[in-house]
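Respectively, the protein sequence lines represent chains A and B.
Numbers in the working numbering are just positions in the first sequence, counted from 1, shifted up by 15.
Numbers in the working numbering are just positions in the second sequence, counted from 1, shifted up by 53.
Positions of the beta carbon are idealized from the N, C-alpha and C atoms, including for glycine.
Since the structure comes first, as structure tokens, the remarks are kept for the end.
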Amino acid sequence: MSLDNLILLTGRTISQGVALEGGKASRENVRACGICTFDADDFKKLDCLVGTPVKVITDYGEVVLYSTITEEGPHQGIIFIPMGPWANQLVNPSSQGCGTPTYKGMKAKVEVVKSGKVLGAIELIGRLKEA
Amino acid sequence: MVVKIRTVKDVSCPFCGTLCDDLEIDVDIKTDLVVEVRNGCQIGTRKYFSSNPSDHRYMKPLIKVNGEHKEVSWDEALDKAADILVNAQRPLLYGFSSTECEAQSRGVELAEMLNAILDNTASVCHGPSLLAIQDVGASLATLGEIKNRADTIIFWGSNPVHAHPRHLSRYSDFIRGYFRTDGRNDRNIIVIDPRYTHTAQIADKYIKVNPSEDYELIQAIRAVLRGSELDVKEVSGVPMDDIKELVEELKSCNFGVVFFGMGLTQSLAHHRNVDTAIRLVAELNDYTKFLLIPMRGHYNVAGANQVFTWNTGYPYSIDFSRGYPRYNPGEFSSVELLLRDEVDASLIVASDPGSNFPAASVKNLFKHPLISIEPHKTPTSAFADVILPAAIAGIECEGTAYRMDGVPLRLRKVKDPPGDTLSDKEILERLIEKVKEKLGE
Ligand code: SF4
Chain A
16 MSLDNLILLT GRTISQGVAL EGGKASRENV RACGICTFDA DDFKKLDCLV GTPVKVITDY
76 GEVVLYSTIT EEGPHQGIIF IPMGPWANQL VNPSSQGCGT PTYKGMKAKV EVVKSGKVLG
136 AIELIGRLKE A
Chain B
54 MVVKIRTVKD VSCPFCGTLC DDLEIDVDIK TDLVVEVRNG CQIGTRKYFS SNPSDHRYMK
114 PLIKVNGEHK EVSWDEALDK AADILVNAQR PLLYGFSSTE CEAQSRGVEL AEMLNAILDN
174 TASVCHGPSL LAIQDVGASL ATLGEIKNRA DTIIFWGSNP VHAHPRHLSR YSDFIRGYFR
234 TDGRNDRNII VIDPRYTHTA QIADKYIKVN PSEDYELIQA IRAVLRGSEL DVKEVSGVPM
294 DDIKELVEEL KSCNFGVVFF GMGLTQSLAH HRNVDTAIRL VAELNDYTKF LLIPMRGHYN
354 VAGANQVFTW NTGYPYSIDF SRGYPRYNPG EFSSVELLLR DEVDASLIVA SDPGSNFPAA
414 SVKNLFKHPL ISIEPHKTPT SAFADVILPA AIAGIECEGT AYRMDGVPLR LRKVKDPPGD
474 TLSDKEILER LIEKVKEKLG E
């Protein structure tokens with residue numbers, strides 16, 4: 016299943032803050048930041064179980080993340096990814112001339128990828144080194 | 054076995070811009086390990102525990118040889134780092150927000166010697182706020198004023214329950230103040246955000262704004278405040294009646310404050326969001342007392358802006374390539390320079406752009422030599438050519454940091470730095486000496 020016409024927001028979460036102090040290479044960091052948070056009604060349309068990997072695609076890139084349902088909803092049509100390496104594969108680097116990238120408000124699309132792997136932070140960012 | 058404990062009190066937490074200064078840390082005297090943290094939030098507590106030895110803590114200088122990090126002496130690592138910097142045409146010095154002010158000023162000194170780009174993390178978070186404040190000024194206050202006086206608190210595009218966990222209990226919500234003797238009951242909390250955040254869930258009023266449409270909403274509020282009738286049913290997803298009701302609430306409060314976050318600075322309108330918010334706050338002062346305070350993220354990003362400004366005249370994104378400081382974040386911010394692939398070597402101090410910059414700029418960061426001054430393994434340091442292991446400021450060395458409202462506080466040392474680690478300040482001082490030697494100064 017897939018969902019189109021979503022808006023991607025990124026931002027801080029307390030688990031993201033705790034995980035980055037607990038080691039950025041850790042699985043804890045993946046569980047805290049390698050997740051895409053859906054509005055409960057949107058998630059039903061994906062017809063999958065919580066935790067199923069999803070691929071999120073924007074004009075700027077794509078990344079595989081674990082899916083989860085938001086505690087900070089309803090926010091129909093919005094997906095939220097905690098700031099960090101995963102979110103930054105998808106954000107708009109353009110600053111509209113002010114120097115600060117546009118980390119919030121990208122158009123996004125989501126596909127369920129039942130066999131997808133959510134990479135660890137170092138492995139994910141390492142692909143940029145090789146690319 | 055009896056564990057002998059040393060307790061350090063009144064410790065300032067070196068994590069977020071709230072810079073809580075009431076932590077108590079217990080350190081085992083024999084092992085010098087942190088064994089207990091009191092008063093900190095989950096994140097602050099974790100930061101103190103993260104100073105204990107772990108497999109992701111750097112203890113010795115490392116340089117990359119054939120794709121592997123190899124332990125070397127300080128002299129060898131600094132020599133290699135200095136070589137990289139001296140031979141670069143357009144080096145970037147970036148980070149500085151998670152370290153103390155003296156290290157930041159050494160960063161300025163080094164950047165000037167190298168004719169480098171000097172930038173701190175404001176360029177990816179509250180840079181637009183600084184631009185707006187430079188454009189139109191701002192009515193600011195210390196958090197003590199807010200605690201004692203504010204009866205209406207707006208969190209706009211900020212979610213302190215997650216990003217500044219003790220902000221609400223220390224300054225802005227639950228805390229009792231001189232004129233707010235009943236704490237939470239004496240305050241009206243308003244949250245404006247596209248998501249019904251955990252902060253919104255404990256607020257008195259939640260206004261759901263469409264993503265990236267804050268600018269329009271602020272302008273509509275200003276129009277209503279001036280008595281204009283808008284011929285629309287809603288603005289940015291907010292019904293006109295709600296906007297009118299909000300304006301009445303704001304006008305009739307005794308002392309209001311807007312705490313704004315990256316919901317304003319990182320969405321499409323960037324600094325335009327902030328400068329129109331500043332104007333709104335200025336206009337509200339025709340009716341009552343109103344202020345605004347940016348929710349700064351890193352514990353000393355405000356200090357980095359201060360130190361850079363008093364040394365160069367500018368708070369971030371400074372270009373020394375002509376031998377004197379120039380400022381134009383749209384051109385000289387780290388992300389912009391990296392996107393244009395202009396940077397040919399980087400020195401990253403206490404920061405992790407590998408995790409925090411958009412992928413396209415990280416790609417270009419990694420194309421060129423990279424030096425990382427960092428206590429822990431991060432997606433940046435893991436790919437660095439030289440790693441200079443740092444003591445953690447505020448835990449293993451002292452210094453000064455500026456809270457989000459611009460109040461400087463002393464950071465304490467609660468234990469000795471482990472292994473061969475040195476403070477950021479000392480590492481930068483040694484690096485400056487090496488660079489001087491190589492430049493023949
Ligand atoms: S709120 Fe911020 S400064 Fe206070 S303890 Fe938590 S992380 Fe540290």
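**Item:** Rounded C-alpha distance that separates S225 (chain B) from S130 (chain A)
**Value:** Within the second sequence, the letter at position 172 stands for residue 225 (chain B). Within the first sequence, the letter at position 115 stands for residue 130 (chain A). C-alpha separation (whole angstroms): 46 Å.
**Prompt:** With a CB to CB cut of under 8 Å and the five nearest residues on each side skipped, what residues in its chain are close to E336 (chain B)?
**Reply:** Here residue 336 (chain B) is taken as the residue at index 283 of the second sequence, counted from 1. Around E336 (chain B): R275, L278, R279.
**Prompt:** Would you say Y81 (chain A) faces chain B, with C-beta separation under 8 Å as the test?
**Reply:** In the first sequence, the residue the question calls residue 81 (chain A) occupies position 66. No, its Cβ sits nowhere closer than 8 Å to a Cβ of chain B.
**Prompt:** the ligand SF4: which residues have Cβ under 5 Å from any of its heavy atoms, chain order?
**Reply:** B:C66, B:F68, B:C69, B:T71, B:C73, B:G93, B:C94, B:I96, B:G97, B:P218, B:R219
**Where N14 (chain B) falls: helix, strand or coil (DSSP)** = Residue coverage of chain B in this structure runs from 54 to 494, which leaves residue 14 (chain B) outside it and unanswerable.
**Asked** For I274 (chain B), which of helix, strand or coil comes out of DSSP?
**Response** Along the second sequence, read from residue 1 onward, the residue named residue 274 (chain B) stands at position 221. Three-state result, I274 (chain B): helix.
**Message:** How far does the alpha helix (DSSP H) with W127 (chain B) in it extend, from its first residue to its last?
**Reply:** Walking along the second sequence from the start, residue 127 (chain B) turns up at place 74. It spans 127 to 140 - the alpha helix (DSSP H) in which W127 (chain B) sits, taken as one unbroken run.
**Prompt:** When the distance is taken between beta carbons, is E162 (chain B) closer than 8 Å to I485 (chain B)?
**Reply:** Position 432 of the second sequence holds residue 485 (chain B). Position 109 of the second sequence holds residue 162 (chain B). Yes, they are a contact pair.
**Asked** How about V33 (chain A): is its C-beta nearer than 8 Å to some C-beta of chain B?
**Response** In the first sequence, counting from the first residue as 1, residue 33 (chain A) sits at position 18. So, interface residue.
**Beta bridge counterpart(s) of W209 (chain B) as assigned by DSSP** = Residue mapping note: residue 209 (chain B) aligns to position 156 of the second sequence, counting from 1. Its beta-bridge partners are B:I245, B:F313.
**Prompt:** Can you round the beta-carbon distance between T85 (chain A) and L105 (chain A) to whole angstroms, since I take them to be within the 8 Å contact cut?
**Reply:** Numbered from its first residue, the first sequence carries residue 85 (chain A) at position 70. Numbered from its first residue, the first sequence carries residue 105 (chain A) at position 90. The pair is not a contact, with the Cβ atoms about 17 Å apart (cut-off 8 Å).
**Asked** Using a Cβ-Cβ distance under 8 Å, would A136 (chain A) count as near chain B?
**Response** Translated into the one-based positions of the first sequence, residue 136 (chain A) becomes position 121. Yes, contact with chain B.
**Prompt:** Roughly how many angstroms lie between the CA atoms of D79 (chain B) and L196 (chain B), to the nearest whole one?
**Reply:** Position 26 of the second sequence, counted from the first residue, corresponds to residue 79 (chain B). Position 143 of the second sequence, counted from the first residue, corresponds to residue 196 (chain B). Distance between the alpha carbons of D79 (chain B) and L196 (chain B) is about 28 Å.
**Residues that Y249 (chain B) contacts on chain A, provided the C-beta gap is smaller than 9 Å** = In the second sequence, counting from the first residue as 1, residue 249 (chain B) sits at position 196. Those are T85, E87, G88, P89, H90, listed as they occur along chain A.
**Request:** Please confirm if G148 (chain B) has its CB atom under 8 Å from at least one CB of chain A.
**Result:** Locating residue 148 (chain B) in the second sequence gives position 95, counting from the first residue. Taking Cβ atoms only, chain A never reaches closer than 8 Å to G148 (chain B), which makes this a no.
**Message:** In whole angstroms, give me the CA-to-CA distance for N119 (chain B) and L317 (chain B).
**Reply:** As a position in the second sequence, residue 119 (chain B) is number 66, starting the count at 1. As a position in the second sequence, residue 317 (chain B) is number 264, starting the count at 1. If I take the Cα positions, the gap works out to 44 Å.
**Prompt:** With a cut-off of 8 Å, does the C-beta of V177 (chain B) fall near any C-beta of chain A?
**Reply:** What you label residue 177 (chain B) is simply residue 124 of the second sequence in a count that begins at 1. It does: the Cβ of V177 (chain B) has a partner Cβ on chain A nearer than 8 Å.
**Prompt:** P108 (chain A) versus chain B: which residues are under 7 Å apart at the beta carbon?
**Reply:** Here the question's residue 108 (chain A) lines up with position 93 in the first sequence. Here the neighbours are V388, L392, P411, A413, S414.
**Between the CA atoms of L145 (chain B) and L270 (chain B) - distance to the nearest angstrom** = For the purposes of this step, residue 270 (chain B) is identified with residue 217 of the second sequence, where counting begins at 1. For the purposes of this step, residue 145 (chain B) is identified with residue 92 of the second sequence, where counting begins at 1. C-alpha separation (whole angstroms): 38 Å.
**Asked** For T52 (chain A), which beta-bridge partners are listed by DSSP?
**Response** In the first sequence, counting from the first residue as 1, residue 52 (chain A) sits at position 37. Answer is A:T83, A:F95.
**Asked** When you check each C-beta in the region 205 to 228 of chain B against every C-beta of chain A, which residues fall closer than 8 Å?
**Response** N212, V214, H215, A216, P218
**Message:** Does L392 (chain B) pass the burial test, meaning 16 or more other C-beta atoms within 10 Å, or should it be called exposed?
**Reply:** Indexing the second sequence from 1 puts residue 392 (chain B) at position 339. When all chains shown are included, L392 (chain B) counts as buried.
**Helix, strand or coil at V327 (chain B) [DSSP, three-state]** = Counting from one through the second sequence, the residue named residue 327 (chain B) turns up at place 274. Note: V327 (chain B) maps to helix in three-state DSSP.
**Asked** So, K200 (chain B) versus I228 (chain B), is the Cβ gap smaller than 8 Å?
**Response** As a first step, residue 200 (chain B) is located in the second sequence; it is residue number 147 there, counting from the start. As a first step, residue 228 (chain B) is located in the second sequence; it is residue number 175 there, counting from the start. Cβ atoms of K200 (chain B) and I228 (chain B): closer than 8 Å.
**Prompt:** What do you get for I137 (chain B), buried or exposed, if any count of 16 or more other CB atoms within 10 angstroms of its CB means buried?
**Reply:** Sequence index remark: in the second sequence, residue 137 (chain B) carries index 84 (1-based). Buried, because 16 or more other Cβ atoms sit within 10 Å of the Cβ of I137 (chain B).
**Item:** N-terminal and C-terminal residue of the alpha helix (DSSP H) that M293 (chain B) is part of
**Value:** The count along the second sequence starts at 1 and reaches residue 293 (chain B) at position 240. Unbroken alpha helix (DSSP H) run through M293 (chain B): 293 to 305.
**Asked** For the region 18 to 32 of chain A, which residues have a beta carbon sitting closer than 7 Å to at least one beta carbon of chain E?
**Response** Absence of chain E from the displayed structure is noted, the protein chains being A and B.
**Request:** Starting from N409 (chain B), trace the alpha helix (DSSP H) both ways and give me its first and last residue.
**Result:** Numbered from 1 along the second sequence, position 356 holds the residue referred to as residue 409 (chain B). From DSSP, the alpha helix (DSSP H) with N409 (chain B) extends over 406 to 409.
**Asked** At a CB-CB cut-off below 8 Å, which residues of chain A make contact with I96 (chain B)?
**Response** Against the second sequence, residue 96 (chain B) aligns to sequence position 43. Simply I29, G32, V33, E36.
**Whole-angstrom C-beta distance between T98 (chain B) and V541 (chain B), which should lie under 8 Å** = The shown model of chain B, from 54 to 494, leaves out residue 541 (chain B), and the question about it has no answer.
**Asked** Buried or exposed: R375 (chain B), going by 16 or more other Cβ atoms within 10 Å of its Cβ?
**Response** Here residue 375 (chain B) corresponds to residue number 322 of the second sequence, with the count starting at 1. Exposed, by the Cβ-count rule.
**Message:** Taking the alpha carbon of E389 (chain B) as the reference point, which residue from A:N107, A:F58, A:V65 has its own alpha carbon closest?
**Reply:** The residue labelled residue 389 (chain B) in the question sits at position 336 within the second sequence. E389 (chain B) has its Cα closest to that of A:N107, out of A:N107, A:F58, A:V65.
**Item:** Contact under 8 Å by Cβ, G314 (chain B) with A216 (chain B)
**Value:** Here residue 314 (chain B) corresponds to residue number 261 of the second sequence, with the count starting at 1. Here residue 216 (chain B) corresponds to residue number 163 of the second sequence, with the count starting at 1. Against a cut-off of 8 Å, the Cβ pair of A216 (chain B) and G314 (chain B) comes out as a contact.
**Prompt:** Per DSSP, E384 (chain B) forms a beta bridge with which residues?
**Reply:** By one-based count along the second sequence, residue 384 (chain B) stands at place 331. In DSSP, E384 (chain B) forms no bridge with anything.
**Request:** Using a Cβ cut-off of 7 Å, pull out every chain B residue sitting near F95 (chain A), in sequence order please.
**Result:** The residue given as residue 95 (chain A) occupies position 80 in the first sequence. Here the neighbours are R248.
**Prompt:** Roughly how many angstroms separate the alpha carbons of T152 (chain B) and L283 (chain B), rounded to a whole number?
**Reply:** Within the second sequence, residue 152 (chain B) is the residue found at index 99, counting from 1. Within the second sequence, residue 283 (chain B) is the residue found at index 230, counting from 1. In a straight line, the C-alpha of T152 (chain B) is about 48 Å away from that of L283 (chain B).
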